[in-house]
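Counting in my numbering, the sequence shown runs from 46 upward without gaps. Each residue gets a CB set at the ideal place from its N, CA and C atoms; glycine is no exception. None of these values were measured; they are calculated from a predicted model.
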Amino acid sequence: MAELDPWAAVDPLGEALHFLRMTGAFYCRSELTAPWGMTLPAMPRYMWFHVVTAGRCWLDAGEAEPLPLEPGHFALVPHGKGHRLASAHGVDAPSVLDLPREEVSERYEILRHGGGGAPTTLVCGAVRFDHPAAGNLVPLLPAVVHVAGASDPAGDWMQSTLRLMAAEARALRPGGETVITRLADVLVVQAIRAWIEREGAGRGGWLGALGDRQIGRAIALIHRHPARDWTLHALAREVAMSRSAFAARFTALVGEPAMRYLTRWRMHLAHDRLRFENVPVGQLAGRLGYESEAAFSRAFKRIVGVAPGSVARGAAVERLERRAPIPG
Numbered sequence: 046m047a048e049l050d051p052w053a054a055v056d057p058l059g060e061a062l063h064f065l066r067m068t069g070a071f072y073c074r075s076e077l078t079a080p081w082g083m084t085l086p087a088m089p090r091y092m093w094f095h096v097v098t099a100g101r102c103w104l105d106a107g108e109a110e111p112l113p114l115e116p117g118h119f120a121l122v123p124h125g126k127g128h129r130l131a132s133a134h135g136v137d138a139p140s141v142l143d144l145p146r147e148e149v150s151e152r153y154e155i156l157r158h159g160g161g162g163a164p165t166t167l168v169c170g171a172v173r174f175d176h177p178a179a180g181n182l183v184p185l186l187p188a189v190v191h192v193a194g195a196s197d198p199a200g201d202w203m204q205s206t207l208r209l210m211a212a213e214a215r216a217l218r219p220g221g222e223t224v225i226t227r228l229a230d231v232l233v234v235q236a237i238r239a240w241i242e243r244e245g246a247g248r249g250g251w252l253g254a255l256g257d258r259q260i261g262r263a264i265a266l267i268h269r270h271p272a273r274d275w276t277l278h279a280l281a282r283e284v285a286m287s288r289s290a291f292a293a294r295f296t297a298l299v300g301e302p303a304m305r306y307l308t309r310w311r312m313h314l315a316h317d318r319l320r321f322e323n324v325p326v327g328q329l330a331g332r333l334g335y336e337s338e339a340a341f342s343r344a345f346k347r348i349v350g351v352a353p354g355s356v357a358r359g360a361a362v363e364r365l366e367r368r369a370p371i372p373g
């Protein structure tokens, strides 16, 4: 009998989004006056987002016609590509890294730039998903995810969050930068959900598979319980399908066999935990359903391309470097 797991059964997409853990490299409040322009540099593996809290501007991501942005709009450039923001077409746009900025905290800055004309205020940031679920989702996103005001399926809830971000950006009270960064995390995930509801549901591949009642549930079960001793028969039984029908349908929708997807998911989780949790390799192997460290290490190297010990040592060096005092 299938395990009672209402969340996974009803909303495997929500289950997938639930896993996404975000880290931010850079947040900035920009106070701009026309004419102004700035170029956001390419940042591989990062996503830029932009919120207009007052005024208006144009976003040129190089993929289509420039996109107008105004208050109540949220734009996400998800593939790490450089792009331009400007008060009008043809305005000079120096790199944002070359413009004078006031450092509020380690990751939050205020930028003031422009020619003294009509004002525009933006909140921008560069964030990254560190969980392996992002590797399935982010490549499916378009060049720009644009949530355009109250008419978008995200509705009043997202607009309320945007208004709260605008209020915090204007006042910048004590702790305001922390509030803005947390709101930004929520808005990025909500914008992705809005795009999926609006345009992504009918797509094939992994995203389309999540929308399938039975295969979506199987994916959610793999994500939630990676250490379980899954077999094709066990997964098929959970979603009330025959083994052969389940195997064929999973491969057709996801693009790879279920057991290969399970192994890849386990190895990506392992990579994530080796980087962030300082877990011994042998212990991690057991936590992900492997009876021997050697079998786990072979699978890890086959999927990730390097040995798990190498990832663990690199993560340890990174942690030491972050703790080391800055030379005076």
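Does the Cβ-Cβ distance between residue i and residue j come in under 9 Å?
i	j	result
F345	H316	yes
V233	V172	yes
W240	V190	yes
A388	L121	Nothing can be reported for residue 388: it is not among the residues displayed for the chain, which extend from 46 to 373.
L130	L186	no
I348	T296	no
L156	L77	yes
T226	G170	yes
Taking the continuous beta strand (DSSP E) assigned at residue i, which residues delimit it?
i	result
L121	118-122
T84	82-85
Examine chain B for any beta-carbon lying closer than 9 Å to the beta-carbon of residue i, and answer yes or no.
i	result
H316	The question asks about chain B, but that chain is absent: this structure has only one protein chain.
Go ahead and label residue i buried or exposed: buried means 16 or more other beta carbons lie within 10 angstroms of its beta carbon, across all protein chains shown.
i	result
S205	exposed
P184	exposed
A212	exposed
A109	exposed
R208	exposed
T165	buried
E242	exposed
N323	exposed
R367	With a pLDDT of only 45 at R367, under the threshold of 50, the placement of this residue in the model should not be trusted; the figure read from the coordinates follows. Under this definition R367 is an exposed residue.
Output the boundary residues of the alpha helix (DSSP H) element that contains residue i.
i	result
M92	Careful: M92 lies outside any alpha helix (DSSP H), inside the beta strand (DSSP E) at 92-99.
F103	In the sequence on display, residue 103 carries Trp and not Phe. First-last for W103: 102-105, but that is the beta strand (DSSP E), not the alpha helix (DSSP H).
R243	From DSSP, R243 is part of no alpha helix (DSSP H); its letter is neither H nor E.
A292	288-299
V326	326-332
Y306	303-321
S342	338-349
H278	277-283
R269	258-269
Give me, in chain order, the residues of the same chain whose beta-carbon lies closer than 7 Å to that of residue i; leave out the 5 immediate sequence neighbours on both sides.
i	result
E301	none
A272	R332, L333, G334
G327	E338
A54	With a pLDDT of 44 at A54, under the threshold of 50, the modelled position of this residue cannot be trusted, and the question is left open.
E115	V97, R101
By Cβ distance, which residues of its chain are closer than 6 Å to residue i, with the 5 residues on each side in sequence left out?
i	result
R358	none
Which ranges would you report for the beta strand (DSSP E) in the segment 109-196 if only whole runs of at least 3 residues count? 112-114, 118-122, 128-131, 146-148, 153-159, 164-174, 190-193
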